[in-house]
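First residue of the sequence shown: 61, per our numbering; consecutive thereafter.
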Amino acid sequence: MEITLIQDESTWGDMKDEWNQLLTSSSANLPFLRHEYLTAWWQHRGGGEWPEAALYILTARSSQGDLTGVAPFFISKNNAGKQAVMFLGSIEISDFLDVIVRPEDQDAFIESILAYLAGQETPSWDVLDLYNLLEDSDSLAALESFSGKFNYQFERETIQPAPIIRLPGDFESYTASLDKKYRHELRRKIRNAAGYPVPTSWSYIEDPEEQKEFMLDFSAMMREEQDKDEFLTDEMILQMTAIVEAGYQAGFMRFACFYVGEEHAAGYLIFDFDNRIWVYNSGMARKHSRLSPGIVLMGHLIMDAIEKGREAVDLMRGDETYKYHMGGENRYVVRATITR
Numbered sequence: 061m062e063i064t065l066i067q068d069e070s071t072w073g074d075m076k077d078e079w080n081q082l083l084t085s086s087s088a089n090l091p092f093l094r095h096e097y098l099t100a101w102w103q104h105r106g107g108g109e110w111p112e113a114a115l116y117i118l119t120a121r122s123s124q125g126d127l128t129g130v131a132p133f134f135i136s137k138n139n140a141g142k143q144a145v146m147f148l149g150s151i152e153i154s155d156f157l158d159v160i161v162r163p164e165d166q167d168a169f170i171e172s173i174l175a176y177l178a179g180q181e182t183p184s185w186d187v188l189d190l191y192n193l194l195e196d197s198d199s200l201a202a203l204e205s206f207s208g209k210f211n212y213q214f215e216r217e218t219i220q221p222a223p224i225i226r227l228p229g230d231f232e233s234y235t236a237s238l239d240k241k242y243r244h245e246l247r248r249k250i251r252n253a254a255g256y257p258v259p260t261s262w263s264y265i266e267d268p269e270e271q272k273e274f275m276l277d278f279s280a281m282m283r284e285e286q287d288k289d290e291f292l293t294d295e296m297i298l299q300m301t302a303i304v305e306a307g308y309q310a311g312f313m314r315f316a317c318f319y320v321g322e323e324h325a326a327g328y329l330i331f332d333f334d335n336r337i338w339v340y341n342s343g344m345a346r347k348h349s350r351l352s353p354g355i356v357l358m359g360h361l362i363m364d365a366i367e368k369g370r371e372a373v374d375l376m377r378g379d380e381t382y383k384y385h386m387g388g389e390n391r392y393v394v395r396a397t398i399t400r
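Next up, the structure:
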């Protein structure tokens, strides 16, 4: 399998349609691998996480010229100061990353990538530093299997959990699966919100102009949490705005909002992608905390996802307690490192 290197943004931009088409048949069909997401990420280098970085995208094509594999890489000094080949999207704001390839081409593509990186014409690199692979990624076994062939050392490190809620066919079955205490709490909080003296409601924000307005309130709600306030630097705000605009335009990203009267009390930024809801970020207004608006909104999101036949609500990286109260089951994300 012949590998071609792409280092200029123009050529990468021209690949959008075939990139996304390949992703739909990939063994890792993840929203963080959409062309629109990654180009928005590259525009701001992860909110300033990688100020000095160079594109290093490796691709493969069939004899008919069809795109059959993409390793969405860039090169930069990693956190240990080593010259590293890394996934576009690394590390902080992209929960899951991988190569883009159909299952039947996985092994051949991974082997070809490692062979290419062993070649004399490749830039100097110390480590292939691949963050945020899901533990069941097909790439992990292939990377480990073929590393020895090229005298590379392969290591795998579990980073953090990424809970997921597998959805049954109806909301009653879902609530019945929860611990008794949290089942009663969820039902009580939804009832309390419905009976609140000020009318409450929730909805997805569909209009692009309303989305832009809500982004300001959402950022303000996020800033009410100290760790998120520290996270939201000026550059990160630009980064998140670019991602939201790209995701809305492409049709796979949405805001869900819980209202108290006409006020925004809570919001989730989600991906509606590949028959599941992926909960990417959240913000809650402290003044409405007595209503537990985040939990109530999550309950409605789950109810809506079940009604629409979605298979799961992916709560993504992080071990926040509410994820387990809502029925989240652990998976883990890992880091694979391959050194010469």
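For each residue, glycine too, the CB sits at the ideal point set by N, CA and C. For clarity, every value in this text was computed on a predicted model and none was experimentally measured.
Per DSSP, cross-strand counterpart(s) of Phe333 = For the purposes of this step, residue 333 is identified with residue 273 of the sequence shown, where counting begins at 1. Its beta-bridge partners are Arg336.
Indicate whether Ser205 and Gln213 have their beta-carbon atoms separated by less than 9 Å.
-> For the purposes of this step, residue 205 is taken as the residue at position 145 of the sequence shown. For the purposes of this step, residue 213 is taken as the residue at position 153 of the sequence shown. Against a cut-off of 9 Å, the Cβ pair of Gln213 and Ser205 comes out as no contact.
When Arg346, Val304 and Gly343 are compared against Asp267, the one with the closest alpha-carbon | Taking the sequence shown and counting its residues from 1, one reaches residue 267 at position 207. For Asp267, the nearest C-alpha among the options comes from Val304.
Would you kindly work out how many angstroms separate the C-alpha atoms of Met61 and Glu389, rounded to a whole number?
-> Your numbering for residue 61 matches position 1 in the sequence shown. Your numbering for residue 389 matches position 329 in the sequence shown. Counting only the Cα atoms, Glu389 lies some 38 Å from Met61.
Which residues bound the beta strand (DSSP E) around Arg226?
-> Walking along the sequence shown from the start, residue 226 turns up at place 166. Boundaries of the beta strand (DSSP E) around Arg226: Ile224 to Arg226.
Measure how close the beta-carbons of Trp262 and Ala345 come, nearest whole angstrom, since I'm counting them as under 8 Å.
-> Locating residue 262 in the sequence shown gives position 202, counting from the first residue. Locating residue 345 in the sequence shown gives position 285, counting from the first residue. Actually they do not touch by this definition, with Cβ atoms about 14 Å apart.
Mind checking Gln271: buried by the 16 CB within 10 Å criterion, or exposed?
-> For this step, residue 271 is matched to residue 211 along the sequence shown. By the neighbour-count rule (16 or more Cβ atoms within 10 Å), Gln271 is buried.
Validate contact between the region 140 to 150 and the region 91 to 101 using beta carbons, cut 8 Å, 3 pairs | yes
Tell me, please, whether the region 229 to 237 touches the region 191 to 200 by the rule of three or more beta-carbon pairs shorter than 8 Å.
-> no
Assigned exposure category for Gln103 - 16 Cβ within 10 Å defines buried = Taking the sequence shown and counting its residues from 1, one reaches residue 103 at position 43. Counting Cβ neighbours within 10 Å, Gln103 comes out exposed, since fewer than 16 surround it.
N-terminal and C-terminal residue of the beta strand (DSSP E) that Lys137 is part of = For the purposes of this step, residue 137 is taken as residue 77 along the sequence shown, with counting starting at 1. Run containing Lys137: Phe133 to Lys137, per the beta strand (DSSP E) assignment.
Going by Cα to Cα distance, which pick from Leu127, Phe318, Gln299 and Glu284 is closest to Asp74?
-> Along the sequence shown, read from residue 1 onward, the residue named residue 74 stands at position 14. Closest option to Asp74, Cα to Cα, is Leu127.
Inter-residue CB distance, Leu65 and Tyr116 (contact presumed, cutoff 8 Å) = Counting from 1 along the sequence shown, the entry for residue 65 is found at position 5. Counting from 1 along the sequence shown, the entry for residue 116 is found at position 56. Yes, Leu65 and Tyr116 are in contact; Cβ-Cβ is about 7 Å, under 8 Å.
Inspect the beta-carbon positions of Val373 and Ile224 and report whether they are closer than 9 Å.
-> In the sequence shown, counting from the first residue as 1, residue 373 sits at position 313. In the sequence shown, counting from the first residue as 1, residue 224 sits at position 164. Taking 9 Å as the Cβ cut-off, Val373 and Ile224 qualify as a contacting pair.
If we ignore side chains and look at the alpha-carbon of each, how far apart do Glu285 and Met358 end up?
-> As a position in the sequence shown, residue 285 is number 225, starting the count at 1. As a position in the sequence shown, residue 358 is number 298, starting the count at 1. Spanning the two alpha carbons is a distance of roughly 18 Å.
Near Tyr176, what residues of its chain come up, given a Cβ to Cβ distance below 7 Å and the 5 sequence neighbours on each side ignored?
-> As a first step, residue 176 must be located in the sequence shown, where it is residue number 116. Cβ neighbours of Tyr176 beyond the five flanking positions: Ile63, Leu118 and Thr182.
Going by the beta-carbon positions, is the gap between Thr293 and Gly107 smaller than 9 Å?
-> What you label residue 293 is simply residue 233 of the sequence shown in a count that begins at 1. What you label residue 107 is simply residue 47 of the sequence shown in a count that begins at 1. For Thr293 and Gly107, yes; Cβs fall inside 9 Å.
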